[in-house]
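Q: My structure is below; once you've seen it, I'll send some questions.
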Amino acid sequence: MSENIEDVCTPLAWEGEQPVAISGHSCAYATKSIIPRHLAYLATAQDFQISKRKVAKGTKVIEVAPVDLSRVEIPVPCPATQRKVVDILDRFDTLTKSLTDGIPTEIEARRQQYEYYGDRLLDFPRKAGATRSMFWILDIGSMSA
């Protein structure tokens, strides 16, 4: 149940051994024919989203009844293929999360690096006769107001 169609049937794969509690607007499925995370990934796929829209009911509060959800057909490849798909999607998930989390950190690190090297590159040794005043460099005396 949700106020928008996108959040209805949000998947969660419980892979633990201990019992788990769920609320009244949740569905729990126990099956040996599909790996839980594979089912969770399937529930985010475009084909499932289209099927979900067909069985969803409501306007302000949208829900999908378990009996209607059970009629939605999904592909169930062999366990080896499911594991392969899950491994690939897990890697993509990890990569995208690390990029999202890592980019601001990386930008800050590059900013600090830029400041550090900028300061070092512009910090020339001050030798006698090697420095000039801004007045001399800009020839301020010849500028008119």
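Note that our numbering numbers the sequence shown so that position 132 is 132, with each residue one more than the last. Just so you know, even glycine gets a beta-carbon here, dropped at the ideal spot from N, CA and C.
Taking Lys-84 as part of the alpha helix (DSSP H), name the residues at either end of that continuous run.
A: As a first step, residue 84 is located in the sequence shown; it is residue number 84 there, counting from the start. From DSSP, the alpha helix (DSSP H) with Lys-84 extends over 79-121.
Q: Just to confirm, are Lys-52 and Leu-39 a CB contact at a threshold of 9 Å?
A: Indexing the sequence shown from 1 puts residue 52 at position 52. Indexing the sequence shown from 1 puts residue 39 at position 39. The answer is no: Cβ separation not under 9 Å.
Q: Between Val-86 and Ile-34, which are expected to be in contact by the criterion C-beta below 8 Å, what is the C-beta distance as a whole number of angstroms?
A: Numbered from its first residue, the sequence shown carries residue 86 at position 86. Numbered from its first residue, the sequence shown carries residue 34 at position 34. At roughly 11 Å, the Cβ-Cβ gap does not stay under 8 Å, so Val-86 and Ile-34 are not in contact.
Q: Using the three-state DSSP reduction, which class does Ile-34 fall into: helix, strand or coil?
A: Here the question's residue 34 lines up with position 34 in the sequence shown. In the three-state reduction of the DSSP assignment, Ile-34 falls in the coil class.
Q: Decide yes or no for the touch test of the stretch 2-11 against the stretch 54-68: beta carbon pairs closer than 8 Å, at least 3 of them.
A: yes
Q: Measuring only the C-alpha atoms, how far is Ser-2 from Ala-43?
A: To locate residue 2, count along the sequence shown from 1; it is residue 2. To locate residue 43, count along the sequence shown from 1; it is residue 43. So the alpha carbons of these two residues sit roughly 16 Å apart.
Q: Output needed for Val-55: all residues of its chain with C-beta closer than 8 Å, excluding positions within five of it in sequence on either side, in chain order.
A: As a position in the sequence shown, residue 55 is number 55, starting the count at 1. For Val-55, where only same-chain residues beyond five positions count, the Cβ hits under 8 Å are Val-64, Ala-65, Asp-68, Leu-69, Arg-71, Val-72.
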